[in-house]
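Here the sequence shown is numbered in the working numbering, starting from 8 and rising by one per residue. Just so you know, even glycine gets a beta-carbon here, dropped at the ideal spot from N, CA and C. Quick caveat: nothing in here was measured; it's all calculated off a predicted structure.
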Amino acid sequence: MDSFVIDNVNAILEDGIRNDAAVRVEDGVIAAIGGRGELKGEKTVDGEGLYLSPGFIDLHVHGGGGADFMDGDAAAVRTAAAAHMRHGTTTIVPTTLCAEDKELAGVFDAIIGFKNSPEARGLPRIPGVHLEGPFISPGEAGAQDPEYIKKPSREACDKILASAKGELLIWTVAPELEGADLMCRRLRDSGIVFSAGHSDATYDEAVRAFAAGFTMATHVYSSMSTIIRVRGERVPGLLEASLLCDDVTCEVIADGRHLPEPLLRTIVRMKGADRIVLVTDAMRGAGMPDGEYLLGSRREGQRVLVFDGIAHMPDGISFAGSVATADRLVRVMTKTAGVPLHDAVKMMTKNPAREIGLSDRRGVIKEGYEADLVLFDGDINIKSVFIGGERTV
Ligand SMILES: [Zn+2]
8 MDSFVIDNVN AILEDGIRND AAVRVEDGVI AAIGGRGELK GEKTVDGEGL
58 YLSPGFIDLH VHGGGGADFM DGDAAAVRTA AAAHMRHGTT TIVPTTLCAE
108 DKELAGVFDA IIGFKNSPEA RGLPRIPGVH LEGPFISPGE AGAQDPEYIK
158 KPSREACDKI LASAKGELLI WTVAPELEGA DLMCRRLRDS GIVFSAGHSD
208 ATYDEAVRAF AAGFTMATHV YSSMSTIIRV RGERVPGLLE ASLLCDDVTC
258 EVIADGRHLP EPLLRTIVRM KGADRIVLVT DAMRGAGMPD GEYLLGSRRE
308 GQRVLVFDGI AHMPDGISFA GSVATADRLV RVMTKTAGVP LHDAVKMMTK
358 NPAREIGLSD RRGVIKEGYE ADLVLFDGDI NIKSVFIGGE RTV
């Protein structure tokens with residue numbers, strides 16, 4: 008049996024932080040949790056009084072380390088996954104943009120090929136793909152190419168499902184589009200998580216979508232409808248519905264740039280610690296120095312500039328995407344938004360695991376759970392990463 012103990016840590020457990028703790032890992036699984044010096048294994052790793060947290064789970068990420076998943080080859084998947092792993096991510100959900108059918112199929116093939124290859128060992132787990140589009144509102148396209156936006160249809164949907172080969176995990180769809188709720192009702196029980204986003208939905212349309220089976224809202228405040236006035240009357244939008252409907256889990260890009268502190272605090276007050284998942288929504292410039300990068304694929308991407316911790320459109324007026332990593336999200340939530348560390352970590356571990364149906368094995372430090380673990384200091388600087396009990400950073 009392959010066993011070791013990570014001793015002398017402040018373990019971030021499901022119900023709180025246990026100081027002076029130790030965790031024993033056996034065959035890639037958490038086998039025991041105890042006090043400092045209490046557990047024995049074949050080897051001992053000195054945790055040096057650092058925090059020991061479940062590995063971070065990022066449900067929305069386009070790239071990093073200079074690569075974008077839309078590049079469509081195994082090297083890009085490896086590079087982006089490795090870049091985020093250095094910042095604590097142990098489960099990553101590669102996220103696509105609206106693109107030609109053929110291009111999208113190639114991206115799926117590259118991700119599937121990679122995750123089933125020996126190369127994937129020692130890198131973050133890939134439970135599936137997050138498809139951001141193509142059934143989105145042209146009025147809320149954000150940085151997506153409007154040319155590839157589609158209206159929901161049985162035919163277009165089935166084509167995507169065929170190229171996804173069972174790897175479609177999260178689907179961002181604008182729920183107000185005709186046929187979107189039907190699609191959700193048809194597919195929600197097949198393991199696809201529907202997230203409302205890039206949307207012009209009114210409040211009522213959004214509430215109907217949540218009743219139809221949409222369980223998440225994609226990057227709240229960004230590319231989603233909010234209050235408009237119709238003949239003087241205020242009509243709330245998807246934002247208000249996402250914040251108000253208790254069962255809906257909201258993606259939050261907590262890079263400290265997309266959402267200022269008052270909005271982060273508003274979300275926390277509305278949703279509580281259980282209905283927030285922190286996401287990077289990172290482009291290829293994540294984990295890289297400032298400079299010029301392509302937003303989107305190598306073939307079709309547009310040039311953007313990364314500085315001051317975010318990507319900017321060349322016009323300098325609008326943002327072109329985040330360059331965040333998971334450690335930064337936890338740091339911003341604790342230091343800027345004033346969220347207790349235990350809750351911020353939950354938003355990056357237990358909550359995303361639950362949303363994608365992995366709450367029985369991942370996202371918590373608990374006996375019998377996968378030993379995906381990170382060690383970090385009080386400023387959330389990552390010191391070590393373990394995936395399935397294997398030290399990878
Ligand atoms: Zn995105």
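Point to revise | N-terminal and C-terminal residue of the beta strand (DSSP E) that LEU98 is part of | key: The residue you asked about is not Leu; residue 98 is Thr in the sequence shown. It spans 96-103 - the beta strand (DSSP E) in which THR98 sits, taken as one unbroken run.
Review point. In chain order, what residues of the same chain lie with their CB nearer than 8 Å to the CB of VAL242, ignoring the 5 residues before and after it?
Key: Cβ neighbours of VAL242 beyond the five flanking positions: THR209, TYR210, ILE234, ILE235 and ARG236.
Review point. Which ranges would you report for the alpha helix (DSSP H) in the stretch 220-261 if only whole runs of at least 4 residues count?
Key: If we require 4 residues or more, the alpha helix (DSSP H) runs fully inside the stretch 220-261 come out as 245-251.
Point to revise | Buried/exposed call for GLN151, threshold 16 Cβ in 10 Å | key: Only buried fits GLN151, as 16 or more other CB atoms lie within 10 angstroms of its CB.
Exercise for review: Classify LYS357 as helix, strand or coil using the three-state DSSP reduction.
Suggested key: In the three-state DSSP reduction, LYS357 falls in the helix class (H, G or I).
Check your understanding: Nearest to LYS390 by alpha carbon, out of HIS94, GLU45 and LYS47?
Key -> Looking at HIS94, GLU45 and LYS47, the one whose alpha-carbon comes closest to that of LYS390 is HIS94.
Check your understanding: Can THR102 be considered in contact with ligand 1, in the sense that its beta carbon sits closer than 7 Å to one or more heavy atoms?
Key -> Checking every heavy atom of ligand 1 against the Cβ of THR102, one is found closer than 7 Å.
Practice item. Out of ALA219, ALA169, VAL200 and GLY292, state which residue places its alpha-carbon closest to the alpha-carbon of ALA90. Key: Comparing Cα-Cα distances from ALA90 to each of ALA219, ALA169, VAL200 and GLY292, the minimum goes to GLY292.
Check your understanding: Quick one: what's got a C-beta closer than 7 Å to ARG305's C-beta in the same chain, skipping five residues either side?
Key -> Taken in chain order, the residues that qualify are ASP78.
**Study point:** Which of helix, strand or coil DSSP assigns to SER197
**Key:** Helix, per DSSP.
**Study point:** N- and C-terminal bounds of the alpha helix (DSSP H) containing GLU183
**Key:** Annotation for GLU183: no alpha helix (DSSP H) segment contains it, and DSSP assigns it neither H nor E.
Exercise for review: Please confirm whether any heavy atom of ligand 1 lies closer than 7 Å to the CB of GLU240.
Suggested key: GLU240 Cβ: outside cutoff for every heavy atom of ligand 1.
Exercise for review: Whole angstroms is fine: what's the gap from GLY375's alpha carbon to PRO61's?
Suggested key: If you take the alpha carbons of GLY375 and PRO61, they lie about 13 Å apart.
Check your understanding: Secondary structure at ASP165, three-state DSSP: helix, strand or coil?
Key -> ASP165: helix per DSSP, three-state reduction.
Exercise for review: Express the C-alpha separation of VAL313 and GLU258 in angstroms, rounding to a whole number.
Suggested key: Distance between the alpha carbons of GLU258 and VAL313: 23 Å.
Exercise for review: Using 10 angstroms around the beta-carbon of GLU268, count the other beta-carbons present and answer buried if the total reaches 16, otherwise exposed.
Suggested key: Exposed.
Exercise for review: Have a look at LEU138 and SER206 and give me their C-alpha separation to the nearest angstrom.
Suggested key: Taking the straight line from one Cα to the other gives about 15 Å.
Point to revise | CA-to-CA distance, TYR300 to ILE177, given in whole angstroms | key: The straight-line gap from Cα to Cα measures roughly 26 Å.
Check your understanding: Regarding GLU268 and ligand 1, is the C-beta to nearest heavy atom distance less than 7 Å?
Key -> For GLU268, the shortest C-beta to heavy atom distance toward ligand 1 is 7 Å or greater.
Point to revise | C-alpha gap between ILE274 and LEU250, whole angstroms | key: One C-alpha to the other measures close to 7 Å.
Exercise for review: Taking 8 Å as the cut-off, decide whether the C-beta atoms of GLU110 and ARG85 are in contact.
Suggested key: Contact: no.
Practice item. Could you tell me whether any non-hydrogen atom of ligand 1 is closer than 7 Å to the CB of HIS69? Key: For HIS69, the shortest separation between its Cβ and any heavy atom of ligand 1 lies below 7 Å.
Check your understanding: Distance, Cα to Cα, CYS105 vs ALA331?
Key -> Distance between the alpha carbons of CYS105 and ALA331 is about 21 Å.
Review point. In chain order, what residues of the same chain lie with their CB nearer than 7 Å to the CB of VAL346, ignoring the 5 residues before and after it?
Key: Cβ contact annotation for VAL346 (same chain, cutoff 7 Å, sequence separation greater than five): VAL275 and MET340, in chain order.
Review point. Mind pulling the alpha helix (DSSP H) runs of 4 or more residues that sit fully within the stretch 104-143?
Key: Counting whole runs of 4 or more residues, the stretch 104-143 contains the alpha helix (DSSP H) stretches 108-122.
**Study point:** Cβ neighbours of ASP384 in the same chain (closer than 8 Å, five flanking residues each side left out)
**Key:** If we look at ASP384 and ignore the five residues flanking it on each side, its Cβ neighbours are LEU57, TYR58 and LYS390.
Review point. Are there three or more Cβ pairs, one per stretch, closer than 8 Å when the stretch 27-37 is compared with the stretch 9-17?
Key: Output reads yes: the stretch 9-17 touches the stretch 27-37.
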